[in-house]
Every structure is written in structure tokens, then in C-alpha cells.
Amino acid sequence: AAQPTRPNNTKKKASPLQSSTTTKQRKAVATTKEVKAEDRPHLYLLKSEPHEFSIENLRQKGREEWDGVRNYTARNYMRQMQPGDQCWFYHSSCKTPAIVGTCRIVRAAQPDTTAYMDPQHENYDPKSTPEACRWDSVLVEFDSVYDTCVTLKELRTQAQANPVIAGMMLLHRSRLSVMPITQDEWDAVENLRQRKEQNSEDLLQITKEGRDDKAKK
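Quick note: the sequence shown uses the UniProt record's numbering, first residue 1, plus one each step.
Set out below in C-alpha cells:
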């Protein structure tokens, strides 16, 4: 997700009258997207500030255009995304930053219209035009909300003993809002989350048994 790049049928063919800047821009996009399927990531982490757009917002809407990314590295990762790729949904810039659920990519990258449609929009980029947009967006679909999330603090603690977690980009490039995740990293964090979930269930069961014993007395 070797597999050809998914064509974008919404774009019109370039006119001979279009500027050379447009041609160069499209060549740059093509170069970025020409990544062999076995070489590109298939798992990602997407950050969102919960007061702006939370995992609950995505659950209610079902699907959402993931726009407003204005970092070239993050944009380039988005350009590698293909339908079916799975992502962690991460709440950032909040009291408890954490991986709170999952979503999946349902449409590959295309020009981010918020970059040029409205000069008053917070995502507006004066250097972007419909013919030469510097930024892309993808369409994401809700998958799940975790009953037990994995916090940034927990990841940092686990990183001291787990080299896989220690190598996560999340712990080293904290300002990046879109990043790839390796399968080993995904598995390590999921194992941590499942252990937390099991421990919570065990604690609830112990508490319930204690209350039942007390009631019998």
C-alpha cells in the first residue's frame, strides 16, 4: 500500500500555457510519490489537538479531510500514504498527550484546498495556487477509540528499557505532526496497551471480589 501510485482523477491535464513553475511542482510531487510499496511505510501516527479536533470528533463524523499540515517533512510522509494504511490518532498539546485510537487512510494525498481557497482561512498560504499548491491533504476514516490509551509519559518510561520504543520518531521529533511507524514499534506499543488494559481489568475484578466479600460479612 511493486504497486503503482494511485492516479488522481480529479486533476485536469496540464495546459501548454501553464507556467514552468507548475510543471516543476508536479514533477516534484511525482518524484515524492514514486516510492516502491515494499519501501514505504504502511503505518503512521497523526497528531491533533483535542480542543480543535479529537478522536471523538472523528468518530462522530466518520471521515475527515486531514488538512492544514504546513511542514514539508510531514507533507512528504502524507504523499506516501495509500488507502488501507493504518494510523494511530494522537492527542497533542494537551494535559495528557497520548495515543487514543486508530484511523485509516481512505484516499491518497491530493492538493489541500485550504491553502488557496480563502485568504481569511487560518491554513491559507499566499504562495499556493490551484495550479501549484505546495500542500496536500488525505482523507481519513475512524477505526477505533482505545479504552486504555498510551500516554507520552508512559512511552518515555518504557523507552528506558525498550530500544524499539526508544527509537520512535515521536520521542525525538516532537513537533512533527505526521510520522511513519514501523511494524515493530506498532507491535511494541500495542503490547504495552494490551497489558495496561489487562491490568485494569484485573484490578476491577479484585476490587469487585473485595466488595462482594465485604457484603457477605
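We treat Cβ as the ideally placed atom computed from N, Cα and C, and that holds for glycine.
Cα-Cα separation, A161 to T148: The straight-line gap from Cα to Cα measures roughly 21 Å.
Integer-rounded CB distance, given that T157 should sit under 8 Å from T96: The beta-carbon distance between T96 and T157, rounded to whole angstroms, is 14 Å. This is too long to meet the 8 Å contact definition.
Option in E141, I99, R70 and A98 with minimal Cα separation from A115: From the listed residues E141, I99, R70 and A98, the smallest Cα separation to A115 is found for R70.
Simplified DSSP assignment, three categories, for residue 247: What is shown of the chain runs 1 to 217, which leaves residue 247 out entirely.
Entirely enclosed alpha helix (DSSP H) segments - the UniProt domain "EVE" (44 to 191), minimum 4 residues: If we require 4 residues or more, the alpha helix (DSSP H) runs fully inside the UniProt domain "EVE" (44 to 191) come out as 55 to 61, 72 to 80, 152 to 159 and 163 to 166.
Three-way DSSP call (helix, strand, coil) for R193 in this model: The three-state reading of DSSP puts R193 in helix, counting H, G and I together.
Check whether L43 and M179 have beta carbons under 7 Å apart: No, they are not a contact pair.
Which listed residue (D143, R173 and H91) has its alpha carbon closest to that of R63: The residue among D143, R173 and H91 with its C-alpha nearest the C-alpha of R63 is D143.
contact_flag[the stretch 123 to 142, the stretch 103 to 113] where n(CB pairs < 8 Å) is 3 or more: In this structure the stretch 123 to 142 lies against the stretch 103 to 113, because at least three pairs of beta carbons, one per stretch, are closer than 8 Å.
Where A28 falls: helix, strand or coil (DSSP): Note that A28 scores a pLDDT of 47, beneath 50, so its modelled location is shaky; the value from the coordinates is reported in the next line. Of the three classes helix, strand and coil, the one that applies to A28 here is helix, per DSSP.
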